[in-house]
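Participant: Got a structure for you, questions after.
2 protein chains.
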Amino acid sequence: MHIYNRQQIADQVKLDAAALEAVEAGFAALGRGEVEMPPILSMNIAESNGEVDVKTAHIRGWPRFAIKISPGFFDNPALGLPSLNGLMLLFSAKTGLVDAVLFDEGYLTDIRTALAGAIAAKHLSRSNAQSVAVIGAGLQAELQVAALRLVRDIREVHVYSRDRHKAETYAAHMQTSYGLSVSVHDSAASACKQADIVVTTTPAREPVLHWADLPEGVHVTAMGSDNPHKNELQASILANADVLVVDRLSQSRALGELHHSPDLQREVFELGNLICNQQIARSNDQQITVCDLTGTGVQDTAIANYAARLLEGA
Amino acid sequence: MHIYNRQQIADQVKLDAAALEAVEAGFAALGRGEVEMPPILSMNIAESNGEVDVKTAHIRGWPRFAIKISPGFFDNPALGLPSLNGLMLLFSAKTGLVDAVLFDEGYLTDIRTALAGAIAAKHLSRSNAQSVAVIGAGLQAELQVAALRLVRDIREVHVYSRDRHKAETYAAHMQTSYGLSVSVHDSAASACKQADIVVTTTPAREPVLHWADLPEGVHVTAMGSDNPHKNELQASILANADVLVVDRLSQSRALGELHHSPDLQREVFELGNLICNQQIARSNDQQITVCDLTGTGVQDTAIANYAARLLEGA
Chain D
1 MHIYNRQQIA DQVKLDAAAL EAVEAGFAAL GRGEVEMPPI LSMNIAESNG
51 EVDVKTAHIR GWPRFAIKIS PGFFDNPALG LPSLNGLMLL FSAKTGLVDA
101 VLFDEGYLTD IRTALAGAIA AKHLSRSNAQ SVAVIGAGLQ AELQVAALRL
151 VRDIREVHVY SRDRHKAETY AAHMQTSYGL SVSVHDSAAS ACKQADIVVT
201 TTPAREPVLH WADLPEGVHV TAMGSDNPHK NELQASILAN ADVLVVDRLS
251 QSRALGELHH SPDLQREVFE LGNLICNQQI ARSNDQQITV CDLTGTGVQD
301 TAIANYAARL LEGA
Chain H
1001 MHIYNRQQIA DQVKLDAAAL EAVEAGFAAL GRGEVEMPPI LSMNIAESNG
1051 EVDVKTAHIR GWPRFAIKIS PGFFDNPALG LPSLNGLMLL FSAKTGLVDA
1101 VLFDEGYLTD IRTALAGAIA AKHLSRSNAQ SVAVIGAGLQ AELQVAALRL
1151 VRDIREVHVY SRDRHKAETY AAHMQTSYGL SVSVHDSAAS ACKQADIVVT
1201 TTPAREPVLH WADLPEGVHV TAMGSDNPHK NELQASILAN ADVLVVDRLS
1251 QSRALGELHH SPDLQREVFE LGNLICNQQI ARSNDQQITV CDLTGTGVQD
1301 TAIANYAARL LEGA
């Protein structure tokens, strides 16, 4: 059994085409019905403003499955600790023995989450997309844009955050680190005006994006919602979008954007189906496409298998 | 963060009164409504005849919670490996950081499972119980009896197993190792005739114990059922018992004995309620009491906290 720490893992696993391919292979297997993925185990530790989620999935034929444990303790920053944390365990799918423990402290979750956004945009956004509006200015606001660069020739970023100062810090960082042209906006509507792709990366409990904000031909990825109280998209976005995709229907209904539209009557596809069947994708440059990401165990098993292969080769 | 292996853990944690007290404290907290315990996460890996369960619970006020991962891969013996395996992770209930990894390979599960049987018998069996009938001859057939000795003055054991040879090996071992008088029987009915306590420890899918087998005043603990297909007790035992207790109602209904009696109309108590309220227990020596155990996350959190305290002191 091997044990790896965050630094070892981060030295090997990057936001690159190979990692994207690994996560996309996981979603594709899900689309082909080759994945066993039980509901998320979730527990609150109210006295510490904490929660812990456990996700897993097995992809038929893959040598190992991951179990990921993600604690979120939201009073940690006052103690000088990060809120999010966690680890992944890799088990042999033949014997159930532990093969590796990846003490990644949430690093692989950050990566696979960003890559899911890139995979959604690869299959849904216009192929000539260059301009991204980002709502929120946290870590995923950066990683989602970084990952989009793997699939589209991104040139400019328009950011809006409730915290203007955070948005300005973000803009400076994205300019310096990625050579992107970044503008800070005073509203989501303003940030979205010229966007080819919109990514919402907030913990919002009320919609931060409205149907009227969306320009023709845009693709929207909402990656913030991962519990029943969170909600980034106005219901009319789900109702009116030309193509609506989610990472996992059961999860989006339980804890994603679909949770807030229980009576929605329309076709909703899973990202894995989209990868396997391009008929689902946009059919012209005017359509508006939407993808809701809640974060799935199959991404964890895919990125953990990929990480372990790199770490064992290193 | 500390990592402990099975040997280190087994050197510290024994089937003794202190361990029983720790697990009983967990059940008592559950009975007082002080435990957060989500449903079990369960995944099949059909191609390898495998499954994996994840259990957890947080006891309010306790410093750490455990997450236990239990793989069961039933083709392992052909590979020279045990079927059951697993580990427990202990997290700070204040920060969510990993405190310890207990690579116990299922040892602590064996212990806390046996202790639950002893706790049930402590509160339900006649105080003068001396004779135990054991159905099944595997590891729990031994550990359940060993644990019962912590709460009752057990003198004799009557064993029945479908595999007569296994029953004989078991009998010899229990005589040698525990100084018990052990008889091997040809049927469950015969084994139960003189019993004060009956313990079923099988993976049976059809009842192994029938109402007609039970002598007056007996206490029955059924600890084998932990998935919807398993079933050890004839439905009339649940219907006719004077007192019926389960470790966790939701679990017994989903994957324990109650699963096979969906229309049962009667009072059923949880073990934690029984510990907190002795009014629930037997009121005379003629009553027949029954407890169904499915295995709960609160036992895991209780035994893992206890183990970590001992290991840190060692």
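Sequences listed follow chains D and H, in order. Residues in the first sequence are numbered from 1 upward in steps of one, following the numbering used here. Residues in the second sequence are numbered from 1001 upward in steps of one, following the numbering used here. Backbone N, C-alpha and C fix where the C-beta goes; we use that ideal spot for every residue, glycine too. Owing to the predicted nature of the structure, the values given are computational and were not obtained by experimental measurement.
Rounded C-beta distance between residue 294 (chain D) and residue 251 (chain D)? I'm assuming under 8 Å.
Facilitator: Walking along the first sequence from the start, residue 294 (chain D) turns up at place 294. Walking along the first sequence from the start, residue 251 (chain D) turns up at place 251. So it is a contact: roughly 4 Å between Cβ atoms.
Participant: Just checking: is the beta-carbon of residue 1105 (chain H) within a distance shorter than 7 Å of some beta-carbon in chain D?
Facilitator: On the second sequence, position 105 is the one that residue 1105 (chain H) refers to. It does not; no Cβ of chain D falls within 7 Å.
Participant: Shorter than 7 Å from the beta carbon of residue 74 (chain D) to some beta carbon of chain H?
Facilitator: Taking the first residue of the first sequence as position 1, residue 74 (chain D) is located at position 74. Output row for residue 74 (chain D): interface = no.
Participant: If the criterion is Cβ atoms closer than 7 Å, does the pair residue 243 (chain D) and residue 289 (chain D) meet it?
Facilitator: As a position in the first sequence, residue 243 (chain D) is number 243, starting the count at 1. As a position in the first sequence, residue 289 (chain D) is number 289, starting the count at 1. Their beta carbons are under 7 Å apart, which means residue 243 (chain D) touches residue 289 (chain D) by this criterion.
Participant: Taking Cβ positions only, does residue 115 (chain D) come closer than 7 Å to chain H?
Facilitator: Position 115 of the first sequence, counting from 1, holds the residue named residue 115 (chain D). Residue 115 (chain D) does not count as touching chain H.
Participant: Contact between the segment 253-262 of chain D and the segment 183-192 of chain D is defined here as three or more beta-carbon pairs at a separation below 8 Å; is this criterion met?
Facilitator: Touching, no.
Participant: Taking the straight line between their C-alpha atoms, what separation do you get for residue 1280 (chain H) and residue 1256 (chain H)?
Facilitator: If you number the second sequence from 1, residue 1280 (chain H) lands on position 280. If you number the second sequence from 1, residue 1256 (chain H) lands on position 256. Answer to the nearest angstrom: the Cα atoms are 21 Å apart.
Participant: What residues match up with residue 1050 (chain H) in a beta bridge as DSSP calls it?
Facilitator: Along the second sequence, one-based indexing puts residue 1050 (chain H) at 50. The partner list for residue 1050 (chain H) (beta bridge, DSSP) reads H:1045, H:1073.
Participant: Beta strand (DSSP E) containing residue 292 (chain D): first to last residue?
Facilitator: If you number the first sequence from 1, residue 292 (chain D) lands on position 292. Here the beta strand (DSSP E) through residue 292 (chain D) covers 289-292.
Participant: Looking at the unbroken beta strand (DSSP E) that takes in residue 142 (chain D), where does it start and where does it end?
Facilitator: Along the first sequence, read from residue 1 onward, the residue named residue 142 (chain D) stands at position 142. Unbroken run through residue 142 (chain D) is the alpha helix (DSSP H), 139-148; no beta strand (DSSP E).
Participant: Which partner residues of residue 1088 (chain H) appear in the DSSP bridge assignment?
Facilitator: By one-based count along the second sequence, residue 1088 (chain H) stands at place 88. DSSP output for residue 1088 (chain H) lists H:1068, H:1102 as bridge partner(s).
Participant: Since residue 1044 (chain H) meets chain D, which of its residues come closer than 7 Å, beta carbon to beta carbon?
Facilitator: The residue given as residue 1044 (chain H) occupies position 44 in the second sequence. Chain D residues near residue 1044 (chain H): 36.
Participant: Can you find the residues in the same chain that come closer than 6 Å, C-beta to C-beta, to residue 10 (chain D), ignoring five residues on each side of it along the sequence?
Facilitator: The sequence position of residue 10 (chain D) within the first sequence is 10, counting from 1. The answer, listed in chain order, is 107.
Participant: Run down chain H in chain order and give the residues with a C-beta less than 8 Å from the C-beta of residue 93 (chain D).
Facilitator: Here the question's residue 93 (chain D) lines up with position 93 in the first sequence. What residue 93 (chain D) touches in chain H: 1045, 1047, 1048, 1050.
Participant: Which residues in chain D sit within 7 Å of residue 1085 (chain H), going by Cβ to Cβ distance?
Facilitator: Along the second sequence, read from residue 1 onward, the residue named residue 1085 (chain H) stands at position 85. Those within 7 Å of residue 1085 (chain H) in chain D are 96, 97.
Participant: Do you know whose CA, among H:1314, H:1159, H:1306, lies nearest residue 1017 (chain H)'s CA?
Facilitator: For this step, residue 1017 (chain H) is matched to residue 17 along the second sequence. Comparing Cα-Cα distances from residue 1017 (chain H) to each of H:1314, H:1159, H:1306, the minimum goes to H:1306.
Participant: Under three-state DSSP, which class holds residue 58 (chain D)?
Facilitator: By one-based count along the first sequence, residue 58 (chain D) stands at place 58. Strand.
Participant: Just to confirm, is the Cβ distance from residue 114 (chain D) to residue 143 (chain D) under 7 Å?
Facilitator: Residue numbering aside, residue 114 (chain D) sits at position 114 when the first sequence is read from its first letter. Residue numbering aside, residue 143 (chain D) sits at position 143 when the first sequence is read from its first letter. Closer than 7 Å, so yes.
Participant: Quick one: what's residue 123 (chain D) bridged to in DSSP?
Facilitator: By one-based count along the first sequence, residue 123 (chain D) stands at place 123. Its beta-bridge partners do not exist; DSSP assigns none.
Participant: If we ignore side chains and look at the alpha-carbon of each, how far apart do residue 1254 (chain H) and residue 219 (chain D) end up?
Facilitator: Position 254 of the second sequence, counting from 1, holds the residue named residue 1254 (chain H). Position 219 of the first sequence, counting from 1, holds the residue named residue 219 (chain D). Roughly 42 Å between the two C-alpha positions.
Participant: Determine, using beta-carbon pairs with one atom in the segment 264-280 of chain D and one in the segment 49-63 of chain D, whether at least three such pairs fall under 8 Å.
Facilitator: Segments in contact, no.
Participant: At a Cβ threshold of 7 Å, is residue 1303 (chain H) touching chain D?
Facilitator: One-based indexing of the second sequence puts residue 1303 (chain H) at position 303. It does not: the Cβ of residue 1303 (chain H) has no partner Cβ on chain D nearer than 7 Å.
Participant: Taking 8 Å as the cut-off, does the segment 1126-1138 of chain H touch the segment 1020-1034 of chain H (at least 3 CB pairs, one atom from each stretch)?
Facilitator: Touching, no, given that fewer than three Cβ pairs across the two stretches are closer than 8 Å.
Participant: Put residue 135 (chain D) into one of helix, strand or coil per three-state DSSP.
Facilitator: Taking the first residue of the first sequence as 1, we reach residue 135 (chain D) at position 135. Strand at residue 135 (chain D).
Participant: Inspect the CB distances between the segment 1088-1096 of chain H and the segment 1110-1126 of chain H and report whether three or more fall short of 8 Å.
Facilitator: The segment 1088-1096 of chain H, when compared against the segment 1110-1126 of chain H, does not touch it at the 8 Å Cβ threshold.
Participant: Please name the residue in D:217, D:158, D:266 whose C-alpha comes closest to that of residue 125 (chain D).
Facilitator: In the first sequence, counting from the first residue as 1, residue 125 (chain D) sits at position 125. Answer by Cα proximity: D:217.
Participant: If distances are taken between C-alpha atoms only, which option among H:1213, H:1207, H:1211 comes closest to residue 1225 (chain H)?
Facilitator: One-based indexing of the second sequence puts residue 1225 (chain H) at position 225. Comparing Cα positions, the closest option is H:1207.
Participant: How many Å lie between residue 1104 (chain H) and residue 1067 (chain H) at the Cα?
Facilitator: Working through the second sequence from its first residue, we reach residue 1104 (chain H) at position 104. Working through the second sequence from its first residue, we reach residue 1067 (chain H) at position 67. Computed Cα separation, rounded: 13 Å.
Participant: Just to make sure I have the definition right: I need the residues of chain H whose C-beta is within less than 9 Å of the C-beta of residue 64 (chain D). Which are they?
Facilitator: For this step, residue 64 (chain D) is matched to residue 64 along the first sequence. Simply none; closest approach about 11 Å.
Participant: Can you pull the chain H neighbours of residue 56 (chain D), defined as C-beta to C-beta under 8 Å?
Facilitator: Residue numbering aside, residue 56 (chain D) sits at position 56 when the first sequence is read from its first letter. Chain H residues near residue 56 (chain D): 1041, 1043, 1052, 1054.
Participant: Check whether the Cβ of residue 1136 (chain H) sits closer than 6 Å to any heavy atom of the ligand ZN, and report yes or no.
Facilitator: Absence of the ligand ZN from the depicted structure is noted, as is the absence of any ligand whatsoever, leaving it without description.
Participant: By the criterion of Cβ-Cβ separation under 9 Å, what are the contact partners of residue 1077 (chain H) in chain D?
Facilitator: Residue 1077 (chain H) sits at position 77 when you count from the first residue of the second sequence. Result: empty, since nearest Cβ-Cβ is about 11 Å, beyond 9 Å.
Participant: Using three-state DSSP, classify residue 1271 (chain H) as helix, strand or coil.
Facilitator: The sequence position of residue 1271 (chain H) within the second sequence is 271, counting from 1. Here residue 1271 (chain H) sits in helix by DSSP.
Participant: Mark residue 141 (chain D) as exposed unless 16 or more other C-beta atoms lie within 10 angstroms of its C-beta, in which case mark it buried.
Facilitator: Translated into positions along the first sequence, residue 141 (chain D) becomes position 141. So residue 141 (chain D) counts as buried.
Participant: Note down, in chain order, every chain D residue with its Cβ under 9 Å from the Cβ of residue 1071 (chain H).
Facilitator: The residue labelled residue 1071 (chain H) in the question sits at position 71 within the second sequence. Simply 91, 92, 95, 96, 97, 98.
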